[in-house]
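Q: Numbering (my numbering), first residue to last: 65 to 138. We put the beta carbon where it would ideally sit given N, CA and C, even for glycine. The structure displayed is predicted, hence computed values, not measured ones. Following this message is one structure expressed as structure tokens.
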């Protein structure tokens, strides 16, 4: 998975999101500090596109920094 992230490979990321479930992906992203997620309604981010960055409201620079810090600390 690390190699998939390093090389920005979408298929392994989508497969992982599908395996663990999008509700878990969204929950984990929120715990990592992503503040722009939409988890209900017509334009919900609870879909596989969100696992590769297809978010309704995108990401702020702060959100990206928070997420990367969580990955780097592991």
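Ends of the alpha helix (DSSP H) at residue 133?
A: That run of the alpha helix (DSSP H) goes 125-136.
Q: Does the distance from the C-beta atom of residue 112 to that of residue 81 stay below 7 angstroms?
A: Contact flag set, yes.
Q: Under the assumption that residue 129 contacts residue 98 (Cβ atoms under 8 angstroms), give the Cβ distance between them as a whole number of angstroms.
A: Not confirmed; about 11 angstroms, so no contact.
Q: Under a three-way DSSP split, which group does residue 121 fall into?
A: In this structure, residue 121 counts as coil in the three-state DSSP scheme.
Q: Can you tell me whether residue 69 is buried or exposed, with buried defined as 16 or more other CB within 10 angstroms of its CB?
A: Residue 69 comes out exposed.
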